[in-house]
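One structure is given below, encoded as structure tokens.
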Amino acid sequence: MYDIIIIGAGVSGAGIARELSRYQAKICVIEKEEDVCCGTSKANSAIVHAGYDAAPGSLKAKLNVRGNQMMENLSKELDFAFQRNGSLVICRDEEELPALQTLYERGLTNKVSGLCIWNREEALAMEPNLTDDVCAALYAPTAGIVCPFELNIALAENAYMNGVEFKFDTTVKEIKKREEGYELHTDKGVFRAKYVVNAAGVYADEMHNMVSERKIHITPRRGDYCLLDKSAGSHVKRTIFALPGRLGKGILVTPTVHGNLLIGPTAMDVEDKEGVNTTREGLEQVLDKAGLNVKNLPMRQVITSFAGLRAHEDGDDFIIEEVEDAKGFIDCAGIESPGIASCPAIGEMVAQMIRDKMGLQEKKDFIPTRKGILKPDTLSREERNALIQKNPAYGSIVCRCEMITEGEIMDAIRRPLGAKSLDGIKRRTRAGMGRCQSGFCSPRVMEILAGERKISTFDVTKCGGESQIVVGNNKDIL
Numbered sequence: 069m070y071d072i073i074i075i076g077a078g079v080s081g082a083g084i085a086r087e088l089s090r091y092q093a094k095i096c097v098i099e100k101e102e103d104v105c106c107g108t109s110k111a112n113s114a115i116v117h118a119g120y121d122a123a124p125g126s127l128k129a130k131l132n133v134r135g136n137q138m139m140e141n142l143s144k145e146l147d148f149a150f151q152r153n154g155s156l157v158i159c160r161d162e163e164e165l166p167a168l169q170t171l172y173e174r175g176l177t178n179k180v181s182g183l184c185i186w187n188r189e190e191a192l193a194m195e196p197n198l199t200d201d202v203c204a205a206l207y208a209p210t211a212g213i214v215c216p217f218e219l220n221i222a223l224a225e226n227a228y229m230n231g232v233e234f235k236f237d238t239t240v241k242e243i244k245k246r247e248e249g250y251e252l253h254t255d256k257g258v259f260r261a262k263y264v265v266n267a268a269g270v271y272a273d274e275m276h277n278m279v280s281e282r283k284i285h286i287t288p289r290r291g292d293y294c295l296l297d298k299s300a301g302s303h304v305k306r307t308i309f310a311l312p313g314r315l316g317k318g319i320l321v322t323p324t325v326h327g328n329l330l331i332g333p334t335a336m337d338v339e340d341k342e343g344v345n346t347t348r349e350g351l352e353q354v355l356d357k358a359g360l361n362v363k364n365l366p367m368r369q370v371i372t373s374f375a376g377l378r379a380h381e382d383g384d385d386f387i388i389e390e391v392e393d394a395k396g397f398i399d400c401a402g403i404e405s406p407g408i409a410s411c412p413a414i415g416e417m418v419a420q421m422i423r424d425k426m427g428l429q430e431k432k433d434f435i436p437t438r439k440g441i442l443k444p445d446t447l448s449r450e451e452r453n454a455l456i457q458k459n460p461a462y463g464s465i466v467c468r469c470e471m472i473t474e475g476e477i478m479d480a481i482r483r484p485l486g487a488k489s490l491d492g493i494k495r496r497t498r499a500g501m502g503r504c505q506s507g508f509c510s511p512r513v514m515e516i517l518a519g520e521r522k523i524s525t526f527d528v529t530k531c532g533g534e535s536q537i538v539v540g541n542n543k544d545i546l
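Throughout the sequence shown, residue numbering follows my numbering, covering 69 to 546 in sequence.
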């Protein structure tokens, strides 16, 4: 019997787990994939929104602004990449100036600090590659960019360091209400808990509907993206948005914390909750519409494309509450944009809710900090030479595009909740994320992964399950 079970190990689930790990409780996170950060949290815009877009009074507005305020300190505590680079919403038609003004006033209502409207000359002076027909822009200095993988992994590792258990490759099939709490029937057995937190992303409606007569419905909303090489990373300094429409904020153009340029997403409602395939139609829309607000985009520098799913709930707001007819079952559902920005505040809100309901006591030995993977390229020459003398693996470059060493890859495998697949290595170290997209380094990464985990190369997977890279009958050759 656990005190609390959290379903889902994305940024919401991991954020909640980290905040709950401050208290004396037996906590478990159940995740259907082989690692953290395998759903919406791995494929998104990586934007820490300022908070002007959400409707005043909504949970999205409240938690976005609070999460934005928390992010910088959190990044220092947990050692993940975050930059407060600011954002611009572009107005290209004077007839749309009232809509830009409305967005500005909404931001003031939501208590977003530093907002101002730039005229054409001010906008072009700060971002010379904006479209020539820009007539005004809403500037939000508190907006930022983050590495969503590092954020998610850091939250989960810190929760684990503070005693939270994680069960991967475990799918919840049925939830039953019992006299004391709930039984979660999974493909790996039955788990029991006094309280359950539903942070299951696009599957959160299915979890909710197992225990409540008041049904909710989540639509997977697919977004296609293109990622450009680091040679294009300085094309804009700030995140550039179009004026928002019915389906969201439109196609954005933004630098990433690692120096690339990202454009996207589309907004296509789909039925398949695993439908993360890109489409020709979607990518063409990304390429066409990105150029409406930013000129001279170097599209020949696209190195990869991908798609992610957002969990859009019919009520168009986050659902974070104890289910009325299922006491002890806490929904954290409909977490779409601005979910990344809001996740620290979501964790704080849910943890306080459960603390008060269960009367949890704070730990005296809570560990608030965590160090990420050591990156030799951040050290001085003297420090790096000393590191290599101590551990030669940090002098062996495996991924030439991103200059990732064997030592970093081994650290990624050995650390708490360590990587078990090529994608796990990629998200923790960036090995394979560069210009060649793992064309050069994947064989060596597979060799290291097999050696560290003491498995055959035939058993190394891209992302768990049956995603083996090497297949065949003659396993003696490797």
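All residues carry an ideal CB built from backbone N, CA and C; glycine is no exception.
Predicted model only: the values in this text are computed from it and were never measured.
Distance, residue j Cα to residue i Cα
i, j, result
"cysteine 504", "cysteine 469", "7 Å"
"asparagine 153", "serine 524", "44 Å"
"alanine 310", "glutamine 151", "21 Å"
"valine 538", "glycine 502", "22 Å"
"lysine 494", "glycine 500", "6 Å"
"aspartate 491", "alanine 114", "18 Å"
"glycine 269", "glycine 427", "28 Å"
"cysteine 531", "aspartate 237", "11 Å"
"arginine 246", "isoleucine 481", "39 Å"
"isoleucine 405", "isoleucine 414", "Note that residue 405 is serine in the sequence shown, not isoleucine. If you take the alpha carbons of serine 405 and isoleucine 414, they lie about 13 Å apart."
"lysine 94", "glutamate 390", "20 Å"
"leucine 171", "glycine 318", "15 Å"
"arginine 449", "arginine 423", "48 Å"
Range of the contiguous beta strand (DSSP E) that encloses residue i
i, result
"valine 418", "No beta strand (DSSP E) contains valine 418, which is instead part of the alpha helix (DSSP H) from 407 to 426."
"alanine 167", "Per DSSP, alanine 167 belongs to no beta strand (DSSP E); it is in the alpha helix (DSSP H), 165 to 177."
"glycine 475", "Here glycine 475 belongs to no beta strand (DSSP E); instead the alpha helix (DSSP H) covers 474 to 482."
"lysine 235", "233 to 235"
"glycine 540", "Looking at the DSSP string, glycine 540 is not in any beta strand (DSSP E), and its letter there is neither H nor E."
"glycine 212", "212 to 214"
"isoleucine 435", "Neither: isoleucine 435 is in no beta strand (DSSP E) and is coded neither H nor E."
"isoleucine 84", "Not the beta strand (DSSP E): isoleucine 84 falls in the alpha helix (DSSP H), residues 79 to 88."
Sheet register partners of residue i (DSSP bridge)
i, result
"glycine 291", "Gly376"
"valine 528", "Note: valine 528 sits in no beta bridge, so no partner."
"methionine 336", "Arg290"
"threonine 307", "Ser155"
"asparagine 226", "DSSP lists no partner for asparagine 226."
"histidine 276", "In the DSSP output, where bridge partners are listed per residue, histidine 276 has none listed."
"threonine 254", "Val240 and Gly257"
"aspartate 399", "Asn266 and Glu389"
"valine 321", "Ile308 and Ile331"
"glutamate 381", "Ile286"
First through last residue of the alpha helix (DSSP H) which encompasses residue i
i, result
"leucine 517", "510 to 521"
"alanine 129", "127 to 146"
"glycine 492", "490 to 497"
"isoleucine 23", "Outside the shown range of the chain, which is 69 to 546, sits residue 23, and nothing can be said about it."
"alanine 191", "188 to 194"
"valine 354", "348 to 358"
Buried or exposed (CB count within 10 angstroms, at least 16 for buried), residue i
i, result
"glutamate 551", "Residue 551 lies beyond the range of the chain shown here (69 to 546); nothing can be said about it."
"alanine 123", "exposed"
"serine 80", "buried"
"leucine 546", "Per-residue confidence for leucine 546 stands at a pLDDT of 49, beneath the threshold of 50, marking its modelled position as unreliable; no derived number is given."
"aspartate 201", "exposed"
"histidine 285", "exposed"
"methionine 69", "exposed"
"glutamate 87", "buried"
"asparagine 364", "exposed"
"isoleucine 84", "buried"
"valine 354", "buried"
"aspartate 393", "exposed"
"glycine 383", "exposed"
Nearest-angstrom Cβ-Cβ length linking residue i and residue j, presumed shorter than 8 Å
i, j, result
"isoleucine 243", "methionine 275", "7 Å"
"alanine 208", "alanine 191", "In fact, because the Cβ distance is near 13 Å, the residues do not count as touching under 8 Å."
"alanine 118", "valine 214", "Contact doesn't hold; Cβ gap of about 13 Å is too wide."
"alanine 272", "alanine 379", "6 Å"
"glutamate 218", "alanine 149", "6 Å"
"leucine 377", "arginine 290", "6 Å"
Minimum Cβ-Cβ distance from residue i to chain D less than 7 Å
i, result
"threonine 322", "The displayed structure is made up of one protein chain only, and chain D is not part of it."
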